[in-house]
Amino acid sequence: FGRERRLVGYDDLMGAIAADGIRIEPGDLLCLRTGFDRLLLGMGKKPDPHRVETSCAALDGTDERLLDWIGKSRIAALIADNYAVEAFPARAGSCAMLPLHQHCLFKLGLNLGELWLLSDLADWLRANNRSRFLLTAPPLRLPGAVGSPATPVATV
4 FGRERRLVGY
14 DDLMGAIAAD
24 GIRIEPGDLL
34 CLRTGFDRLL
44 LGMGKKPDPH
54 RVETSCAALD
64 GTDERLLDWI
74 GKSRIAALIA
84 DNYAVEAFPA
94 RAGSCAMLPL
104 HQHCLFKLGL
114 NLGELWLLSD
124 LADWLRANNR
134 SRFLLTAPPL
144 RLPGAVGSPA
154 TPVATV
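4 is the number of the first residue of the sequence shown in our numbering; add one for each residue after it.
Laid out in structure tokens, this is it:
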């Protein structure tokens, strides 16, 4: 969708999935590359707040058809290279600050992954006419800890 800020709803997402010939099955981890990872890294550790807030695509968490599809698709996780997966804050008129988060995390128990470095993987997949890969994300070995940052590895 380019580098400009764009809210991606159900129709946009289904169009992109169809255009790229992607097959989504129950249990898949759906990874969305927006280009935000490269944009952010290109700022040389000095992020421009205005560009961060006004660049790249983000899911429209207020799109009821999108939320319904996420539940019906039975994906296991929704992962993106941007900072919230959905647009933050949500559009005016939304009761929830992050309606997609509320729907996925609290209603569906669906994990979200934010700020993943996906561009190199997406480029390789496109160059090799592929869209599927094995994703593992083992936790760090932190004895006694109650959580861990994700350490994702894509095997192609």
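Note that CB positions come from ideal geometry on N, CA and C, so glycine has one too. Just so you know, these numbers come straight off a predicted model, no measurement behind them.
According to the DSSP secondary-structure assignment, Cys34 is paired through a beta bridge with Ile82. With fewer than 16 neighbouring CB atoms inside 10 Å of its own CB, Leu44 falls in the exposed class. Taking the Cβ atoms as the reference, Ala61 lies roughly 19 Å from Leu111, outside the contact range of under 8 Å. Where Gly116 is concerned, the enclosing beta strand (DSSP E) starts and stops at Asn114 to Gly116. Sequence-distant partners of Val159 (beyond 5 residues in either direction) whose C-beta falls short of 6 Å from its own C-beta, in its chain, are Phe136. DSSP places Leu44 in the helix class (H, G or I) of the three-state scheme. Spatial neighbours of Gly74 in its own chain (CB-CB distance under 7 Å, excluding positions within 5 residues in sequence) are listed in chain order as Leu111. Between Leu101 and Phe109, the gap from beta carbon to beta carbon reaches 8 Å or more.
Relative to the Cα of Cys34, the nearest Cα in the group His53, Gly5 and Ala83 belongs to Ala83. Within the DSSP bridge table, the entry for Val11 names Leu62 as partners. Spatial neighbours of Ala153 in its own chain (CB-CB distance under 6 Å, excluding positions within 5 residues in sequence) are listed in chain order as Ala140. Shortest Cα-Cα distance from Asp15 to any of Arg68, His53, Ala87 and Ala99 involves Arg68.
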